[in-house]
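Participant:
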Amino acid sequence: ERARLVGLVLPELQNPIFPAFAEVIGGTLAQQGLTPVLCTQTKGGVSEADYIELLLQQQVSGVVFAGGAYAQADASHE
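In this note's numbering, the protein residues as written are 114 to 191.
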């Protein structure tokens, strides 16, 4: 059974659009009984690919991408 978690992968939180995006998406997920798991990238920190691996291990119900390689439809998603 899938967890009632949804990964929310953001490239950063310095740009005010991303925290605002997280707030709207998080609220919408909560209304559906889902819990967002916020994953943000920092220089020298966890990579987007590592976050994806972690989220898959947790059997999340889905992942929302805002920016980054996985948000690009034509990017390699190995």
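For glycine and all other residues, C-beta sits at the position ideal for the given N, C-alpha and C.
Could you check whether the stretch 158-171 touches the stretch 127-141, counting it as contact only if at least three pairs of C-beta atoms, one from each stretch, sit closer than 8 Å?
Facilitator: no
Participant: Let me know the secondary structure DSSP gives Pro149 once reduced to three states.
Facilitator: strand
Participant: Residues bridged to Phe131 by DSSP?
Facilitator: In the DSSP output, where bridge partners are listed per residue, Phe131 has none listed.
Participant: I'd like to know whether the C-beta atoms of Val106 and Ala116 end up nearer to each other than 8 Å.
Facilitator: Because the chain is modelled from 114 through 191, residue 106 falls outside the range shown and cannot be assessed.
Participant: May I ask you to report which of helix, strand or coil DSSP gives Glu191?
Facilitator: Interpretation of Glu191 is limited by its pLDDT of 49, a score under 50 that renders its predicted location unreliable; the figure taken from the coordinates is listed afterwards. It is coil, neither helix nor strand.
Participant: Closer than 6 Å by C-beta to Leu123: which residues in its own chain qualify, once you throw out the five before and the five after it? Chain order, please.
Facilitator: So the qualifying residues of the chain are Phe131, Thr153, Ala179.
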